[in-house]
Each structure stands twice: as structure tokens, then as C-alpha cells.
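Novice: Letter 206 of the sequence shown, counting from 1, is numbered 200 in the numbering used here, and no numbers are missing.
The beta carbon of each residue, even a glycine, is placed where N, CA and C say it ideally should be.
This structure is a prediction, so every number in the text was calculated from the model and none was measured.
Quick one: the structure is below, questions incoming.
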Amino acid sequence: LLQKYYPPDFDPAKIPKLKLPKDRQYVVRLMAPFNMRCKTCGEYIYKGKKFNARKETVLTENYLGLHIFRFYIKCTRCVAEITFKTDPENTDYAIEHGATRNFQAEKLIEEEEQRIVKEREEEELNNPMKVLENRTKDSKWEMDILENLEELKDLNQRQATVDFEGMLARHTALEELARQKQLEQEEREIQEIMNERKGKRLIDSDSDSAEEEAESRRARLSSSAAPMRPTDILTQRCRRTSSGCQGEEDQPAEKKRKTETWERSVGSIGQAGLKGLVVRKPAA
């Protein structure tokens, strides 16, 4: 229902209150607040492990009006009951029964120191002579510490044989030597690279000169052969006789030029044929 009907004569004071016990328990879901070890089976329970626990209010304890709650969990191995409660004074949890808390050495030392300081303050509050005794003990303890420090300093100075200036000078010399070696190595590498490039250029120049010499030799051989020029065919005088052309008689038999197809069909132009190509126009 979204709404309820309240009659005009409704009186909430007449509603009877439920009589619930003050030490009633609730089932809550929580995680282990610290690392612990079960006393029954020795199982380790780590911080952050989840449990279905029973929660109740401790009626006999409180801290500045704040309630203290107790939780009941069970060991995951032997199902033994383990209890712990809140500790608002130290903003922590305190183990009660069934397990021991791990990694608590630092906390125990701090608690012991706080206990000693508290006892001393209580003694000094009620006994003025105790204040003077404690101050005398503190001053003597400080003087002993200072004397021990001075002795340690003197002992270290007597045993110290290290020459800091010499050490710095050696360090500087080593750095300079390393720098010089590095420069020499770099120069050596640069020289090797330059020599390699120079040798490559010499090889390339030798190959180029050899190629040029071979080309010049081929040119000389080809020039000594004296090939026939294409215009020689126009200046040749060919007379058709029974023995053949006159140009063919002057040349050796093994060097006679083969008559081309276009020469057979058109014919060749000799010196006699060239005379008729130009005609002088008569004067008017």
C-alpha cells in the first residue's frame, strides 16, 4: 500500500511497545579487522576475510558514553568460536577469546612506553622529591650520551687514514684519462672511416681510367677501319658496262658492296645523272 488510513481517534501513545531484550544479537556481514590465528587448530585468518557474524552490545562497558560492540565469528577450519570487540579509545579492535592477534610487536612496545611514562607522571605528581631525582637521572643520562659521542668521534679521527684531497685528485686524474682515451678512440675511428673512403675512391678512379682507355682503344680501331659514308653513294660513278660498275672495279673483289633492293628498283644517281638535275633558265 502507498498510503495508510489513520482514523480521527488515533493515538500513538496507546500502541504497546515491543519488549525486546537489551542483549539481543543481530546477524551482520563483516570482514576480519586484523590478522589472527585460531588457538584451537592454528589456522591463520587474514585481514579482510568476510564472515557472517553475530553482533551484540556490551552492557558493562562504554567509553565516554560510546557503546562497545562485541562480534562472534567462527574459524573457517575447525568452526571454533572467536570473539573480538571494538576499542574506541585506541580506534581499533581488541581480541577477546579463541584467537591471538598477529604482528602486534610494535603495538606492544608503544603500549609499554606509554605505561612507563604514565607511571612516572603519577609518581612525580604526588612526590616532589621524585621529580628532582628523575631530572638528575635525565641530565646524567644526557651527559653520558654526549661523552660517548665524543669518544666515538675521536676514535674515528684517529683511525681515519683517508686523504680526501688525494682521493679527489686521483678521481679527477682518472676522469681525465678516461676522457683522453675516448677522444683517441674517436679519432682512430674517424681515421679508419676516412681511409676506407679514400681506398674506395682510388678503386673507382682506377676502374674509370681502365674503361676510358678501353673506349679510346676501340675508337682508334674503328677510325682506322675508315667506314663508307652515306654520301659516298652520290659521288660514285657507276657505268653500266658488261664488266659492271667502275667503282666496283677499283675495289677488291672481297669488299664489293651488295646492291640494295631500293637501288635495283630506282637506281643509283651518278655524276652524269647529277648534271641534268639543275637546268639554267635562258635569259629573256
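Between the region 3 to 10 and the region 46 to 53, do at least 3 Cβ pairs fall closer than 8 Å?
Specialist: Contact between the region 3 to 10 and the region 46 to 53 is absent, because fewer than three Cβ pairs lie under 8 Å.
Novice: Quick one: grab the DSSP three-state call for ILE197.
Specialist: In the structure shown, ILE197 sits in a helix (DSSP, three-state: H, G or I).
Novice: Should MET123 go down as buried or exposed, given a rule of 16 or more other Cβ atoms within 10 Å for buried?
Specialist: Exposed: under 16 other Cβ atoms inside 10 Å.
Novice: Going by alpha carbons, who is nearest to ARG18 out of TYR0, PHE63 and ASN46?
Specialist: For the residues TYR0, PHE63 and ASN46, the minimum Cα distance to ARG18 belongs to PHE63.
Novice: In chain order, what residues of the same chain have a beta carbon less than 6 Å from the beta carbon of GLN245, not counting five sequence neighbours either side?
Specialist: For GLN245, the predicted model reports a pLDDT of 48, less than 50, meaning its position is unreliable and no value from the coordinates is stated.
Novice: Identify, in the order they occur along the chain, each residue of the same chain with its Cβ nearer than 7 Å to the Cβ of PHE28, setting aside the five sequence neighbours on each side.
Specialist: Answer for PHE28: LYS41, TYR87 and ARG95, listed in chain order.
Novice: With which residues is TYR20 paired in a DSSP beta bridge?
Specialist: According to DSSP, which records beta bridges pairwise, TYR20 is partnered with LYS49.
Novice: Kindly indicate which three-state DSSP category LYS79 falls into: helix, strand or coil?
Specialist: Note: LYS79 maps to strand in three-state DSSP.
Novice: For ASN56, which residues from the same chain have a beta carbon less than 8 Å from its beta carbon, with the 5 sequence-adjacent residues on both sides left out?
Specialist: Closer than 8 Å at the Cβ level, and outside the excluded window around ASN56, lie ILE62.
Novice: Compare the C-alpha of LYS79 against each of CYS72, VAL73 and TYR66 and name the closest.
Specialist: Closest option to LYS79, Cα to Cα, is TYR66.
Novice: Who does ALA208 pair with in a DSSP beta bridge?
Specialist: ALA208 pairs with nothing; no bridge assigned.
Novice: Check this for me: beta carbons of ALA99 and CYS32, under 8 Å apart or not?
Specialist: Against a cut-off of 8 Å, the Cβ pair of CYS32 and ALA99 comes out as no contact.
Novice: Return the first residue and the last residue of the alpha helix (DSSP H) that LYS131 is part of.
Specialist: Note, LYS131: alpha helix (DSSP H), 122 to 153.
Novice: Please return the same chain residues whose Cβ sits closer than 8 Å to the Cβ of LYS68, not counting the five positions on each side in sequence.
Specialist: The answer, listed in chain order, is PHE45, ALA74, GLU75 and ILE76.
Novice: Could you tell me whether the Cβ atoms of LEU14 and ALA47 are closer together than 8 Å?
Specialist: Not a contact, by the Cβ cut-off of 8 Å.
Novice: Is it right to say ALA163 is buried, meaning 16 or more other beta carbons lie within 10 angstroms of its own, or is it exposed?
Specialist: Exposed: under 16 other Cβ atoms inside 10 Å.
Novice: Can you list, in chain order, the residues of its chain with a C-beta nearer than 8 Å to that of SER236? Leave out the 5 residues immediately preceding and following it.
Specialist: For SER236, the predicted structure reports a pLDDT of 43, less than 50, and the residue's modelled location is therefore unreliable. A value from the coordinates is still provided. So the list is empty, once near-sequence residues are dropped.
Novice: Could you compute how far the alpha carbon of LEU119 sits from the alpha carbon of VAL22?
Specialist: The alpha-carbon atoms of LEU119 and VAL22 are separated by roughly 47 Å.
Novice: How many angstroms separate the CA atom of GLU183 from the CA atom of ILE197?
Specialist: Roughly 21 Å separates the two Cα atoms.
Novice: Just the Cα atoms here: how many angstroms apart are GLU243 and ARG214?
Specialist: Any reading at GLU243 needs caution, since the residue's pLDDT is 46, under 50, leaving its predicted position unreliable; the model's value is listed next. Rounded to the nearest angstrom, the two C-alpha atoms are 29 Å apart.
Novice: Tell me where the beta strand (DSSP E) around ALA88 begins and ends.
Specialist: Run containing ALA88: 86 to 91, per the beta strand (DSSP E) assignment.
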